[in-house]
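>
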Amino acid sequence: MTVATMCAVVLHSPWLPLALVVLVALDGPFPPLPSETVLMTAYATAFASGNLLMVGELAVSALLGCLLGDLLVHTLGRSSTRLVRRVDRAGPVASWVSATMLARPVVALVAARFMPSGRLLSTAIAGRVGVPVRRFVPGSVTSSTLWGTYMMTAGLLLGPVVGNDPLVGLAVGAGMAVVTASAFGLACRVRLARRAAVARAGTPVGQRDPAAV
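Under the working numbering, think of the first position of the sequence shown as 197, with each following residue one higher.
1) Which class does F226 belong to by DSSP, given the choice of helix, strand or coil?
2) In three-state DSSP terms, what is A299?
3) Need the endpoints of the alpha helix (DSSP H) that R285 sits in, please.
4) In terms of residues, what are the limits of the alpha helix (DSSP H) holding F243?
5) Using C-beta distances below 7 angstroms, list every residue in its chain close to M250, excluding the 5 sequence neighbours before and after it, in chain order.
6) Name the two residues that bound the continuous alpha helix (DSSP H) containing G323.
7) May I have the straight-line CA-CA distance separating V303 from V333, to the nearest angstrom?
8) With DSSP run on the structure shown, which of helix, strand or coil describes S442?
9) Quick check on the DSSP output: the alpha helix (DSSP H) that includes S275 runs from which residue to which?
10) Quick check: the Cα distance between P288 and S209, rounded to an integer number of angstroms?
11) Would you check if the segment 262 to 282 and the segment 232 to 241 touch, i.e. whether three or more CB-CB distances between them fall below 8 angstroms?
12) Residues in its own chain within less than 7 angstroms of V280 by CB, not counting five upstream and five downstream?
If you want it as structure tokens, here you go:
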């Protein structure tokens, strides 16, 4: 059996939606897992074959996996010292998420969801600063739905490219996942840098931090 055949069997397996629930959930605490690539390619394969039932199953799987993974990291954020140290090293993005999370958890979770490792960062911070589950879940559902819609749209665009060659879909999907995550991350960092520059420019000279001069 060739690699392409194996990929085709996996992408057409009736167990794929359940496997994606687990993969997307574990992607929360372990961002290197290729959940985006697999989900995007699965959508592309479903659209290419005209299997709208599979498209619906994948959408439900993605949402359920996101919610379960987010709740797991939210819980770990309350107690895991290793995770707290990782958050502390995340720099200005973590500072913005922390400052926004208590007042506007939905905004913080949605904004961070599309950044590299942003899902782990934002959900861990939500647990760390004590956002209650009843306020956390709406933000998780909103960010997960937007992310899932983006994955579905990308899969729809990839459908004609995938055709009968799932390896092409995996390669293109992986490339799109990297490029888009990097673009969102860069845009967020540029925006934070501009805000910091404006804040410094608006601070009276006598009140500036001597170390920043």
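Ideal Cβ placement from N, Cα and C applies to all residues, glycine included. Remember, predicted model here, so these are calculated numbers, not experimental data.
For this structure:
1) coil
2) coil
3) Here R285 belongs to no alpha helix (DSSP H), and DSSP marks it neither H nor E.
4) S231 to S245
5) A242
6) G314 to R324
7) 13 angstroms
8) Because the chain spans 197 through 409 in this model, residue 442 falls outside it and cannot be assessed.
9) L248 to S275
10) 43 angstroms
11) no
12) R324
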